[in-house]
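Only one structure is covered here, and it is reproduced in the block below.
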Amino acid sequence: MSPVLETSRLVLRSRTASEAAVYRQLWTERDPRVPPHRRIGPDGRPTVADLAARTAENPGLLAVERKDTAEVIGYCGLVFPGEEPELAYELLRAAHGHGYATEAGQAVVAWAREAGYRRLRATVWDWNLASRRVLEKLGFRETGRTGHNLLAVREL
Numbered sequence: 001m002s003p004v005l006e007t008s009r010l011v012l013r014s015r016t017a018s019e020a021a022v023y024r025q026l027w028t029e030r031d032p033r034v035p036p037h038r039r040i041g042p043d044g045r046p047t048v049a050d051l052a053a054r055t056a057e058n059p060g061l062l063a064v065e066r067k068d069t070a071e072v073i074g075y076c077g078l079v080f081p082g083e084e085p086e087l088a089y090e091l092l093r094a095a096h097g098h099g100y101a102t103e104a105g106q107a108v109v110a111w112a113r114e115a116g117y118r119r120l121r122a123t124v125w126d127w128n129l130a131s132r133r134v135l136e137k138l139g140f141r142e143t144g145r146t147g148h149n150l151l152a153v154r155e156l
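Numbering (UniProt numbering), first residue to last: 1 to 156.
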């Protein structure tokens with residue numbers, strides 16, 4: 001079961017299939033430099049229904065909801081591509097520039113520490129300066145690269 005994390009402005013909680021339209025909007029807003037398999041395809045996929053069906057696939061990813069409006073503005077949480085957890089987050093463009101990614105990330109880092117993890121990883125596109133700044137504020141340090149991705153770690 002996923003936790004409910006609260007900050008002064010946000011609630012991070014389990015994602016639901018009913019929010020799939022928000023997650024599809026994230027796909028439509030992605031930078032054109034993001035690889036095609038992570039953007040809406042020529043066939044219109046993934047659809048809202050596709051994303052609703054996949055909502056439970058990553059229970060460590062949490063909906064980021066604003067407390068003042070109850071609006072879901074993206075997701076933040078942990079994924080497990082290998083042995084160590086990786087921080088992942090994505091917010092709607094309208095939510096950029098308000099410190100929400102950093103605030104949500106701080107809550108997830110604290111959750112990971114309390115859960116007993118010793119280190120978190122993150123990957124970010126080298127051109128994504130805003131996400132690189134968020135990771136820096138969260139205490140991550142860049143450790144290398146693979147292709148166009150920068151790798152970062154944070155000791156807990």
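Idealized CB from N, CA, C, for every residue including glycine.
Provide the residue(s) that pair with residue i in DSSP beta bridges, ordered along the chain.
{"i": "GLU65", "result": "VAL11 and VAL72"}
{"i": "THR123", "result": "LEU151"}
{"i": "GLY77", "result": "LEU61 and ALA88"}
{"i": "GLY144", "result": "LEU151"}
{"i": "LEU138", "result": "BP columns for LEU138 are empty, so no partner."}
{"i": "LEU5", "result": "LEU12"}
Once you ignore the five residues that flank residue i on each side, which residues in its own chain have a CB closer than 7 Å to its CB?
{"i": "VAL11", "result": "VAL4, GLU65 and LYS67"}
{"i": "GLU90", "result": "LEU26, GLY74 and TYR75"}
{"i": "LEU135", "result": "ALA122, VAL124 and ALA152"}
{"i": "LEU138", "result": "THR102, GLY105, GLN106, VAL109 and ARG154"}
Of all the CB atoms in chain D, is at least one closer than 8 Å to the CB of residue i?
{"i": "LEU135", "result": "Protein chain content of the structure displayed is limited to a single chain, and chain D is not contained in it."}
Would you call residue i buried or exposed, if buried means 16 or more other Cβ atoms sit within 10 Å of its Cβ?
{"i": "PRO85", "result": "buried"}
{"i": "PHE80", "result": "exposed"}
{"i": "SER8", "result": "exposed"}
{"i": "LEU150", "result": "buried"}
{"i": "LEU62", "result": "buried"}
{"i": "LEU129", "result": "exposed"}
{"i": "ARG116", "result": "Note that residue 116 is Gly in the sequence shown here, rather than Arg. GLY116 comes out exposed."}
{"i": "ARG24", "result": "buried"}
Below 6 Å CB to CB, which residues in the same chain sit around residue i once its five sequence neighbours on both sides are set aside?
{"i": "ARG93", "result": "GLU29"}
Grab me the residues of residue i's own chain with a C-beta within less than 8 Å of its C-beta, minus the 5 sequence neighbours each way, in chain order.
{"i": "ARG119", "result": "GLU84, VAL153, ARG154, GLU155 and LEU156"}
message: Assess contact between the region 33-44 and the region 104-119, defined as three or more Cβ pairs (one per stretch) separated by less than 8 Å. Is contact present?
response: Contact between the region 33-44 and the region 104-119 is absent, because fewer than three Cβ pairs lie under 8 Å.
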